[in-house]
């Protein structure tokens, strides 16, 4: 599918048709057109149409505006014909400025992109976005779709486009409708998680993940409850020798089967800090540090994100015991330094816009992300996808 001011469906290349112009500005009409044409554009395998599609691709010329919204919605609907596990990869070098989902000016289209994300998620379709360096595309809105569907969002130089495309194609969806439920011992509670996802005095967490790929990973942070909370439960802290954990994963396989997998682990408890430090896994700590910094950035707490990254850097530095751990630390340091650089660029942008970050309320911080530049959005997405 190609899009400029118009959206033309190429499919396997044997039949081409433009979406009617009036449908480009109407959500329902766009869906209706694709549903009416179901099975028309995709009738042959890629092995039979490769040469034809290559010729069409090589003869493309850039022109007009960017009707990205209608193209995104149409692509998802068409990909859904292939069943769960299908992919949509959007390649663009410009801001969506035509039709539904237009982001021109200061237009807020979160409602549109959230609805598109929900449709893709329900079909088991993952959506990824590739943009070209030097172009601003307001990726914050598009990231609503990529994150919800398990896709990626990357910014590349033109000469590396093929490599990034191949990388995204290799990360196949292996399960859809994934949800996870994690149970902790009643003496332990989740820390830093969204309270809306917690129950049983913060000892149980429910989270909907959506699509999962081989690169998907899930982690959580927990802490011992306060002495007052533990005493109220009738537990003597010093008598706790082991803490059980259980995670229940519910998901739908690509052939439509509803599945569940349970993982149970019992971890020993120690009150000896030196003893515990001998067993520290630097890789897991690095993952937690990265994700906490990104979480704060997503909440609009950019200054706190930088401070948190520095804190984790100091903590990890103390835990290095061999060359392998030193390598993991260096990787972590490179990631958070890149994130800090992107944050500094964003802070400079806000300063130039006359924005005073010091006096922001929590509500204003939450809205801050809408003004994030593409480099920061891509950087955060990259870290969240990292194992």
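In my numbering, the protein residues as written are 1334 to 1720. Built from N, CA and C at the ideal position, the CB exists for glycine as well. Bear in mind the structure is a predicted one, so any value in this text is a computation, not a measurement.
(request) Compute the distance between the beta-carbons of residue 1633 and residue 1672, then report whether it is under 7 Å. (result) no
(request) Note the first and the last residue of the continuous beta strand (DSSP E) segment covering residue 1616. (result) Per DSSP, residue 1616 belongs to no beta strand (DSSP E); it is in the alpha helix (DSSP H), 1615-1631.
(message) For the alpha helix (DSSP H) containing residue 1446, name the first residue and the last one.
(response) 1443-1456
(message) So, at 6 Å on beta carbons, what are the nonlocal neighbours of residue 1540 in its own chain, with the 5 sequence-adjacent residues on each side left out?
(response) 1513 and 1530
(message) Suppose the cutoff is 7 Å on Cβ atoms and the five residues either side in sequence are ignored; what does the same chain contact list for residue 1558 look like?
(response) 1520, 1521 and 1522
(request) Measure the C-alpha to C-alpha separation of residue 1343 and residue 1334 and round it to an integer number of angstroms. (result) Between residue 1343 and residue 1334, the C-alpha separation is close to 5 Å.
(message) Are the CB atoms of residue 1584 and residue 1511 within a distance shorter than 7 Å?
(response) Yes; because the gap between Cβ atoms is below 7 Å, this pair is in contact.
(request) Would you please state the rounded distance, in angstroms, between the beta carbons of residue 1428 and residue 1447? I believe it to be under 8 Å. (result) Going by Cβ atoms, the distance from residue 1428 to residue 1447 rounds to 19 Å, so no, they are not a contact pair.
(request) Give me the Cα-Cα distance between residue 1649 and residue 1482, rounded to the nearest whole angstrom. (result) 32 Å
(message) Taking a contact to mean a Cβ-Cβ separation below 7 Å, would you say residue 1400 touches residue 1431 in this structure?
(response) Cβ distance < 7 Å, so residue 1400 and residue 1431 count as in contact.
(message) Between which two residues does the alpha helix (DSSP H) holding residue 1675 run?
(response) 1656-1685
(request) Compute the Euclidean distance between the alpha carbons of residue 1654 and residue 1528, then round it to the nearest angstrom. (result) Their backbone Cα atoms lie some 36 Å apart in a straight line.
(request) Leaving out five residues on either side along the sequence, give the residues of the same chain with a beta carbon under 7 Å from the beta carbon of residue 1549. (result) 1483
(request) Taking 7 Å as the cut-off, decide whether the C-beta atoms of residue 1363 and residue 1417 are in contact. (result) no
(request) May I ask you to report which of helix, strand or coil DSSP gives residue 1523? (result) strand
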